[in-house]
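Colleague: Below you will find the structure I want to go over with you.
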Amino acid sequence: MAKGRSTASGWLVAALVVMITLVSTGLWNPFPGLWEWINTSATLADPEPRWQERLGGKPTGVLTADGYVVVEQRDEVEVRSLSTGARVWNADADWITVAGPPGRTVVITGKLLVKGYRVLDPRNGSEIRRNDKAAAVWTWSNAMIEVACRDAEDCTLTAREPASGDELWHVDLPGVGFVLFADNPDLPSTRPLETDRADDRLAGAGRMPRYLGFPIDDRLHVVDTAEGEVVRVVKPARYEKVVLAGGRVLHSEAKTVSAGCELHLVARDAATGRTVWRRDGYNLGTVSGAACDQRSEPVGAGNAVLATRPDGRQVLLDAADGRELLVAAEGAKIIATDGVRAVVRAKDGKTLTAYQLGEAEPLWSRKADPKATAAVTRTHILVFDRNPDRLRVLAPDSGEPLIEAASEARVLALVPQGLIMGERRDVGLLMFPGAQFTTPQQPTQAPAGTDGERRDPRERL
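One rule links them: number in this note's numbering = place in the sequence shown (from 1) + 56.
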């Protein structure tokens, strides 16, 4: 046995010597071909995307801004042309976000543990304006809010028009809790139903909600974003979860009883505290851990909030008035919603059905694998089928297929021309049939001397 091992080792050494000799003399070099094979990307979808590009690293997020794809990586932002995928510019950044309406969308970047942010032109990365005091920002399609603190108990929220920086309103707060100099820290609200095949920012940011809640020292400070003022301060009870949704302050009240937790769902007017509606026994899925602690965030979108009734059936409630917008059949699961429509998986897992919220009759049904997932937007419903992996982009009201593609990639963003897709270090654009590109609109530069101007807070963007 020892002799056999010795002979094999000898042949291996001889082979290595021959290979090293060939490489060193330039007669044969396998490494470029090997490296090219390692870096060869499989196509993201079949049919193929309009373009597909390999990035320097795995993206942590992808956004879009006026005809450009904004890619967030570990320590930089990279911006590419939406129509060609070509890289246009890049910049150092630990976090990025976008804000503003079409034609005035800007890229906002910052560094962790460093106060302030920069507002950049998505066309070329040039700096439009900067701020050196903000500890955090929150962004939407029509506005942004920044917070700056003089000390731990003396902070100011300021709402601005993103591109110009014009002030819409400001309000003082006794702190802002713990933030890490970043974009869009979590606020007490609903979180979207998630799927591993689509980003939860798929359709981009919506408009700034009428009311926002800022948790400070175990109290929730409710800010009216139309008037620019704090309208209420709420102190949750020991086993109570308080979030904002649909212009209401939702109180999920829990009480320990012999059988577990007794739950009550109460909605109050955000400005006055008046009780608007109440649902006893409805569970938002927020109870976790020991006793009746409510540590999880409720799920929903728009005005719709996901709950489980006392009879075990899932429902979507209208946070504004408490109506049951959709009641799933026994054993069925609501797997996706945008607050206007929803997709329900049947109890046997073999059928997906779409509904317009508030309507009893379904929009359409289709067969699907029990592990299929979905994402709902205003313009499309995406179904991610399994065994085999298929992406189906459907017309929301009819279920008519607009795209059917073989793909294991994630959908990172939805644009009028198609889907931004990604897998590992690759991103690409899968086009909608017949889609066309228009010349990207140009954001308006901030006029000299306008940063910090005050406007009537009731003036809408």
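Beta carbons: idealized from backbone N, C-alpha and C, even for Gly.
Predicted model, so just to flag it, every value in this text is computed and none were measured.
1. Which runs of the alpha helix (DSSP H) fall wholly inside the segment 334-399 and span at least 4 residues, in chain order?
2. Using 8 Å for Cβ pairs, my map puts Gly166 next to Ala149. What's the rounded Cβ distance?
3. Please state whether DSSP places Leu72 in a helix, a strand or coil.
4. How is Asn180 classed by DSSP in three states: helix, strand or coil?
5. Ignore the nearest five residues each way along the sequence and tell me which others in Arg401's own chain have a CB closer than 7 Å to its CB.
6. Pair every Cβ in the segment 364-372 with every Cβ in the segment 331-348, then say whether three or more of these pairs are closer than 8 Å.
7. Rounding to the nearest angstrom, what Cα-Cα distance links Arg130 and Ala315 in this structure?
8. Got a sec? Which residues, its chain only, sit under 7 Å from Asp453 by beta carbon, not counting five neighbours each side?
9. On the criterion of 16 or more Cβ atoms from any shown chain inside 10 Å, does Thr246 qualify as buried, or is it exposed?
10. Classify Glu479: buried if its beta carbon has 16 or more other beta carbons within 10 angstroms, exposed otherwise.
11. Entirely within the segment 401-472 and at least 3 residues each: give me those beta strand (DSSP E) ranges in chain order.
12. Flag this pair as touching only if the segment 290-306 and the segment 254-264 have three or more C-beta atom pairs under 8 Å; answer yes or no.
13. How about Asp404 and Leu100: do their beta carbons lie closer than 8 Å?
14. So what does DSSP say about Glu250, is it helix, strand or coil?
15. Quick check on DSSP: helix, strand or coil for Lys291?
16. How about Thr393 and Leu249: do their beta carbons lie closer than 8 Å?
17. DSSP puts Gly117 in a beta bridge; with which residues?
18. Under the rule that 16 or more other beta-carbon atoms within 10 Å means buried, what is Pro354, buried or exposed?
19. Verify whether the separation of the beta carbon atoms of Ala191 and Val232 is less than 8 Å.
20. Quick one: grab the DSSP three-state call for Thr494.
21. Let me check understanding here. Comparing Cα to Cα, which of Arg160, Ser182 and Trp151 lies closest to Val170?
22. Strictly by DSSP, which residues pair up with Lys311?
23. Could you tell me the distance, in whole angstroms, from the CA atom of Gly368 to the CA atom of Glu104?
24. Val286: which of Asp242, Arg304, Ala238 and Leu229 sits nearest, CA to CA?
25. Could you name the residues of the same chain whose beta carbon sits closer than 6 Å to that of Arg448, not counting the 5 residues immediately before and after it, in chain order?
26. Beta strand (DSSP E) containing Asp280: first to last residue?
27. Quick check on Thr281: buried or exposed, where buried means 16 or more other Cβ atoms within 10 Å of its Cβ?
28. Between the Cα of Asp252 and the Cα atoms of Thr494, Pro444 and Ala430, which residue gives the shortest distance?
29. Going by beta carbon distance, what residues of the same chain come within less than 6 Å of Gly156, once the five residues before and after it are set aside?
30. Whole-angstrom Cβ separation of Val467 and Ala121, contact assumed at under 8 Å?
31. Give me, in chain order, the residues of the same chain whose beta-carbon lies closer than 8 Å to that of Tyr124; leave out the 5 immediate sequence neighbours on both sides.
32. Taking the alpha-carbon of Tyr173 as reference, which of Asn240, Trp225 and Ala208 has the nearest alpha-carbon?
33. For Tyr411, which residues of its own chain have a beta-carbon under 7 Å away from its beta-carbon, when the five flanking residues on both sides are left out?
Modeller: Looking at the coordinates:
1. Entirely contained in the segment 334-399, not one alpha helix (DSSP H) run reaches 4 residues.
2. On the sequence shown, position 110 is the one that residue 166 refers to. On the sequence shown, position 93 is the one that residue 149 refers to. Yes, they are in contact, since the Cβ atoms of Gly166 and Ala149 sit about 7 Å apart, within 8 Å.
3. On the sequence shown, position 16 is the one that residue 72 refers to. Helix, per DSSP.
4. As a working mapping, residue 180 is identified with position 124 in the sequence shown. It is coil, neither helix nor strand.
5. The sequence position of residue 401 within the sequence shown is 345, counting from 1. Same-chain partners within the cutoff: Ala388, Lys389, Ile391 and Leu408.
6. Output reads yes: the segment 331-348 touches the segment 364-372.
7. Here residue 130 corresponds to residue number 74 of the sequence shown, with the count starting at 1. Here residue 315 corresponds to residue number 259 of the sequence shown, with the count starting at 1. Roughly 47 Å separates the two Cα atoms.
8. Along the sequence shown, read from residue 1 onward, the residue named residue 453 stands at position 397. Closer than 7 Å at Cβ, skipping near neighbours: Leu419.
9. Here residue 246 corresponds to residue number 190 of the sequence shown, with the count starting at 1. In the assembly as shown, Thr246 is a buried residue. Its beta-carbon has 16 or more other beta-carbons within 10 Å.
10. Here residue 479 refers to the residue found at position 423 of the sequence shown. Buried.
11. 407-412, 418-423, 429-432, 437-441, 446-450, 457-462 and 466-471
12. no
13. Working through the sequence shown from its first residue, we reach residue 404 at position 348. Working through the sequence shown from its first residue, we reach residue 100 at position 44. Not closer than 8 Å, so no.
14. On the sequence shown, position 194 is the one that residue 250 refers to. Three-state DSSP puts Glu250 in coil, outside helix and strand.
15. Numbered from its first residue, the sequence shown carries residue 291 at position 235. Coil, per DSSP.
16. Against the sequence shown, residue 393 aligns to sequence position 337. Against the sequence shown, residue 249 aligns to sequence position 193. Less than 8 Å separates the beta-carbon of Thr393 from that of Leu249.
17. Sequence index remark: in the sequence shown, residue 117 carries index 61 (1-based). According to DSSP, which records beta bridges pairwise, Gly117 is partnered with Glu128.
18. Taking the sequence shown and counting its residues from 1, one reaches residue 354 at position 298. So Pro354 counts as buried.
19. Taking the sequence shown and counting its residues from 1, one reaches residue 191 at position 135. Taking the sequence shown and counting its residues from 1, one reaches residue 232 at position 176. Closer than 8 Å, so yes.
20. The residue given as residue 494 occupies position 438 in the sequence shown. When secondary structure is reduced to three states using DSSP, Thr494 falls in the coil class, being assigned neither helix nor strand.
21. On the sequence shown, position 114 is the one that residue 170 refers to. Comparing Cα-Cα distances from Val170 to each of Arg160, Ser182 and Trp151, the minimum goes to Trp151.
22. As a position in the sequence shown, residue 311 is number 255, starting the count at 1. DSSP lists Glu318 as partners of Lys311.
23. For the purposes of this step, residue 368 is taken as residue 312 along the sequence shown, with counting starting at 1. For the purposes of this step, residue 104 is taken as residue 48 along the sequence shown, with counting starting at 1. Cα-Cα distance, rounded: 44 Å.
24. Within the sequence shown, the letter at position 230 stands for residue 286. Val286 has its Cα closest to that of Leu229, out of Asp242, Arg304, Ala238 and Leu229.
25. Along the sequence shown, read from residue 1 onward, the residue named residue 448 stands at position 392. Excluding sequence neighbours, Arg448 sits near Val439, Pro457 and Glu460.
26. By one-based count along the sequence shown, residue 280 stands at place 224. Where Asp280 is concerned, the enclosing beta strand (DSSP E) stretches over Arg275 to Asp280.
27. Position 225 of the sequence shown holds residue 281. Classification of Thr281: buried, given that the 10 Å Cβ count is 16 or more.
28. Working through the sequence shown from its first residue, we reach residue 252 at position 196. Checked all of Thr494, Pro444 and Ala430; the closest Cα to Asp252 is Ala430.
29. Counted from its first residue, the sequence shown places residue 156 at position 100. Around Gly156: Val162, Pro218 and Ala219.
30. The residue you call residue 467 lines up with position 411 of the sequence shown. The residue you call residue 121 lines up with position 65 of the sequence shown. Incorrect: roughly 18 Å between the Cβ atoms, too far for contact.
31. As a working mapping, residue 124 is identified with position 68 in the sequence shown. Same-chain partners within the cutoff: Val135, Arg136, Ser137, Leu138, Val144, Pro178, Arg179 and Pro496.
32. Reading the sequence shown from its first residue, position 117 is the one you call residue 173. It is Asn240.
33. Here residue 411 refers to the residue found at position 355 when the sequence shown is read from its first residue. Within the same chain, Tyr411 has close Cβ partners Leu382, Arg397, Ala398, Val400, Pro418 and Leu419.
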